[in-house]
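The working numbering puts the first sequence at residues 10 to 880.
The C-beta atom is built at its ideal place from N, Cα and C for all residues, glycine as well.
Data block below; observations after.
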Amino acid sequence: MQTNLLNPPFSKMATQTTDYDFSAIEPKWQDFWKQHATYHAQDFEDKPTFYILDMFPYPSGAGLHIGHPEGYTASDALKRYKKAKGYNVLHPMGWDAFGLPTEQYAIKTGKHPRETTATNVDNFKAQLSQLGFAYDWSREINTTDPGYYKWTQWIFMQLFKKGLAYVDEKPVWFCPDLGTVLANEEVLNTAEGPRSERGHFPVERRPIRQWVLRITEYGDKLIAGLKDLDWPDSTKRLQENWIGRSEGAEITFDISGHAADLTVFTTRPDTLFGATYMVISPEHPLLSQITSKQQSTAVFGYAEKAKSKSDLERAELSKEKTGVWTGATAINPINGQEIPIWVADYVLMTYGTGAIMAVPAHDTRDFEFAKEFSLDIIQVIDDNGAAKKDNSGALLEAYTGPGNLINSGEQSGKDSETAKKAVIEELAIDQRGTATINFKLRDWLFSRQRYWGEPFPIAWVSEADYAKVNNTLKSMERPVSCQIDGELRFAVALTESELPLALPEVESYTPSPDGQSPLSKADAWLHIYLDPATGATSSEPIEGWINASRETNTMPQWAGSCWYYLRYVDPNNDTALIDTEKEKYWGYPDLYIGGAEHAVLHLLYARFWHHVLYDLGVLSDPEPFKKLFHQGIILGEDGEKMSKSRGNVVNPETIIKDYGADALRLYLMFLGPLEAMKPWNTKGIEGIARFLRKSWRLVVAEDGSINPKISTTDQLDTESDRILHATIKKVTEDYEALGFNTAISQMMICVNQLGKADALTLEAVESFIKLLAPLAPHIAEELWQLMGHTCSIAEAGWPECDKSKLVEDTIKVIFQVNGKYRGDALLPANVSKGDAITAAKNHERVTAHVDGKTIKREIYVPGKIVNIVAI
RNA sequence: GCCCAGGUGGUGGAAUGGUAGACACUGGGGACUUAAAAUCCCUUGCCAGUAAUGGCGUGCGGGUUCAAGUCCCGCCCUGGGUACCA
């Protein structure tokens with residue numbers, strides 16, 4: 010064995026010195042894993058599979074941030090652990106590379122986003138390698154790769170044909186000075202109103218033609234599917250609240266003196282008798298029709314002001330209710346009462362029907378509004394004394410709880426739940442009410458007026474030509490049409506063989522001044538001829554083919570990240586999104602690690618697409634992510650969020666240079682629980698550096714030979730052996746539960762103990778190195794090799810805990826008097842209850858505290874505690 | 001406001017209802033060294049005491065229990081999310 014050490018079989022000694030030299034060791038092993046494809050997953054290998062997925066990064070020009078390695082270290086360690094345990098592990102990585110910063114860089118420099126992306130990806134990849142993350146790079150994907158976005162486009166095509174996509178005018182932020190549409194995050198809320206982040210120009214809401222996906226049709230399925238997922242409860246609740254399903258009723262009110270009527274959504278039809286006024290939102294289409302002459306100045310002035318407010322401003326002003334009477338009144342369908350219709354911006358056009366019936370006695374907001382404008386408040390639910398009232402018996406706040414109905418005609422006496430049904434039934438007779446379900450969730454705005462995104466595989470044709478198009482290219486149930494350049498056009502899908510529909514080369518990445526995508530200027534690409542039978546396209550006219558123009562919007566960044574986890578399983582398949590056999594073999598991620606900031610949007614969109622693909626028969630199970638874990642955030646040393654402006658950003662490369670990747674990895678995991686938000690502290694890494702040096706010395710003696718203490722005995726001393734096996738047990742359990750901080754503590758205890766032992770066995774030292782390997786793989790591989798092994802430690806398996814070694818002959822029993830510690834003693838492990846209590850009572854300090862008191866009770870928790878209760 | 005997470009030494013944190021502070025960092029003292037680095041040893045919650053030991057102590061106030069950081073009730077504070085959802 011020692012000779013092996015002097016002549017390592019496949020590599021020169023990493024270092025000339027005898028000290029732990031991470032700067033020499035780490036690149037060597039990073040190279041080794043790459044050369045030997047150590048962590049490449051083999052399809053259909055006869056082993057249990059484990060698929061671990063990280064949220065893939067956006068390869069920004071700024072490079073890796075200390076936040077990235079936190080979650081990635083956890084997944085890399087878990088992968089190495091699972092492989093050692095005998096699993097066929099899939100742990101891939103890729104790039105979510107469409108995105109705003111790259112596009113803006115292109116606008117500024119004229120450099121094609123493709124080139125910027127390639128540079129950034131190379132940079133990211135190098136940085137990830139430096140940290141020792143050994144991904145299966147043979148499965149690398151990039152959302153901007155046409156071979157990848159071919160299938161993103163294909164999925165959209167299925168959504169379109171299934172009737173889940175439509176086109177609508179939707180308001181978006183538009184900046185006339187910049188001549189471009191802005192994302193929410195590019196808009197600042199300032200005292201002067203909304204302004205662009207770049208240039209600080211005024212921005213406004215402008216309706217623009219957009220693709221929208223009907224995610225609301227999956228609201229029920231998305232809520233129901235959450236039930237069996239192994240996700241943090243808080244994340245499940247967040248999604249549930251975001252979807253916001255509520256059961257209620259739509260009720261229709263006649264408007265006095267007008268042919269129109271007004272439909273509202275309410276969750277409390279039982280309170281209908283208490284409706285004393287109605288409110289419509291300032292954007293409501295009926296507003297102009299019903300507003301009286303006398304009120305028109307006030308109403309339209311109010312509506313105009315509301316329009317210029319951003320959502321945020323509207324919300325901030327919420328403390329004070331504002332509104333104006335429209336001059337119109339409505340008839341309550343249940344009792345014929347005439348009630349005023351107001352307009353107020355606390356009612357939103359985007360939820361329900363954009364109008365409400367106000368029941369001030371039983372709704373907090375309605376109550377405040379009624380107080381502000383001295384409107385009637387009629388209590389119709391008996392509060393049984395639960396509500397706060399003044400001396401005259403008038404409500405001081407809304408009573409929102411349940412109860413029996415009062416002041417409600419024939420419904421009086423019924424309880425809320427019964428009355429809800431009864432009221433709807435009564436209204437249904439005259440078609441004045443129906444039970445409905447409403448979602449907070451809104452349909453998904455799925456297009457961007459930008460260059461750097463997936464083009465839509467859609468062509469627009471005239472109404473006459475649409476009739477000639479093969480039905481398989483259409484959204485048959487719900488044809489999609491809109492006005493383009495003043496003409497009615499219909500959307501048809503291209504043939505699948507046209508995919509991927511690549512981005513055209515353009516002269517400028519700047520949107521056109523009217524807010525249209527840069528693609529709208531790519532004339533040659535834009536205007537095409539379409540074979541109505543097949544959906545094939547041509548840039549030259551062909552007999553029997555029809556004129557068409559391409560969709561100029563592109564898809565949002567979410568599109569590519571909605572399904573990437575499926576593609577890793579079968580990354581190069583050109584004929585299908587995913588091969589069925591491979592899907593069956595690998596399944597979906599067994600563990601998905603990523604930040605909580607994606608708790609709703611990304612995780613909801615991905616689930617939506619997955620459900621649709623399941624309904625289409627493409628996939629075999631409706632839920633993609635069975636188990637989810639959110640890593641926390643690393644704060645700066647000042648305890649604040651890391652940001653350039655605060656100057657508290659920690660650069661991973663600096664740490665690697667000073668301490669090595671293994672130290673950084675261990676320290677990131679040692680800072681605290683993986684899910685916690687925790688501040689960085691550069692000084693603290695010293696403890697980890699010491700731990701690594703001690704681990705090194707366990708194997709390598711000061712003169713560079715192997716530690717002479719190893720193999721000088723057949724058996725470790727009992728205490729060291731017990732701690733070693735306790736460590737195997739604890740570390741194994743902690744890795745399974747992603748409790749890396751406590752696993753590291755235990756390994757520290759173990760190395761401290763083994764360092765003190767006079768004689769060591771080879772087996773003991775090897776077991777320890779195996780435990781260390783997932784978190785500190787470079788040093789572990791090096792030591793493994795130095796100990797004479799020719800294979801990677803990745804192939805070395807996992808140590809088994811020998812439970813018999815954990816058993817101790819004696820146990821420490823704590824003595825308490827009235828629950829307070831008063832001493833302890835080492836007693837035989839199998840000590841009887843009586844003996845333990847006797848031992849306690851004979852203890853000097855126990856006697857002192859019991860003396861002069863009566864013993865009321867004696868409690869013995871086997872092997873742990875004796876508690877004497879004495880008064 | 002609502003929803004979520006959290007509050008433990010000088011610091012990061014540990015603790016199936018069973019000795020609160022494991023493991024580290026920092027600080028203090030010492031050994032080795034010409035010196036430094038590295039390494040090793042002791043010490044480090046607060047108060048009283050030379051010590052033995054005693055008292056206090058997990059945001060605050062109650063409660064359950066032989067026993068509470070942990071469970072229950074009511075507050076306070078911090079961080080994150082969200083924005084009047086009828």
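So, with DSSP's three-state summary, where would you put residue i?
i	result
Y67	coil
L295	coil
E601	It is worth fixing the name first, because residue 601 is Tyr in this sequence and not Glu. In the structure shown, Y601 sits in a strand (DSSP, three-state: E or B).
R854	helix
V822	strand
C759	helix
H536	strand
Y574	helix
F376	helix
E646	coil
G283	helix
G596	coil
T26	Confidence at T26 is low in this model, with a pLDDT of 48, below 50, so the placement of that residue should be treated as unreliable; the coordinate-derived value is given next. Coil, per DSSP.
L173	coil
R215	strand
N581	coil
A766	coil
I343	coil
Taking the alpha helix (DSSP H) that residue i belongs to, which residues open and close that run?
i	result
F165	P155 to K170
A83	G76 to A93
T244	D242 to I252
W42	F31 to Q44
Y114	L109 to T118
R706	I694 to V708
A437	S425 to I438
Once the 5 residues before and after residue i are set aside, which same chain residues still bring their CB inside 7 Å of it?
i	result
L575	L586 and I587
K591	D52, V578 and D579
R215	P180, V181, F183 and G524
Answer with buried or exposed for residue i, where buried requires no fewer than 16 other C-beta atoms within 10 angstroms of its C-beta.
i	result
L197	exposed
P871	exposed
S714	exposed
A800	Reading the sequence as shown, one finds Cys at residue 800 and not Ala. The residue in question, C800, is exposed, as its Cβ has fewer than 16 Cβ neighbours within 10 Å.
Q440	exposed
K662	In the sequence as displayed, the identity of residue 662 is Glu instead of Lys. Exposed, since its Cβ has fewer than 16 Cβ neighbours within 10 Å.
R246	exposed
Q914	Past the boundaries of the shown model lies residue 914; the chain is included only from 10 to 880, so the question cannot be answered.
For residue i, which residues of its own chain have a beta-carbon under 6 Å away from its beta-carbon, when the five flanking residues on both sides are left out?
i	result
I433	A258, P278, G442 and A444
S529	S521 and T561
In the DSSP assignment, the beta strand (DSSP E) including residue i goes from what residue to what residue?
i	result
S729	That residue, S729, is in no beta strand (DSSP E); its alpha helix (DSSP H) goes T727 to E745.
T865	First, the residue type needs correcting, since residue 865 is Lys and not Thr in the sequence shown. Counting along the chain, the beta strand (DSSP E) containing K865 begins and ends at I864 to V870.
M366	A364 to A367
N132	Note, N132: premise wrong, no beta strand (DSSP E); alpha helix (DSSP H) at P122 to Q139.
I350	E347 to V352
K718	Per DSSP, K718 belongs to no beta strand (DSSP E) and is neither H nor E.
A500	E496 to A502
Within this structure, are the beta carbons of residue i and residue j separated by less than 8 Å?
i	j	result
F274	N341	no
P598	I61	yes
G345	T300	no
N562	S484	no
M102	Y144	yes
A93	L683	no
G141	H620	no
E195	S205	yes
Residues in the same chain with beta-carbon distance under 8 Å from residue i, minus the five sequence neighbours each way, listed in chain order, please.
i	result
V658	H74, I75, G645, M651 and S652
V875	V822, I823, F824, Q825, A845, I846, A848, A849, E867, I868 and Y869
E249	I232 and L235
V859	V826, K850, I877 and A879
Y744	A86, L87, Y90, A752 and P783
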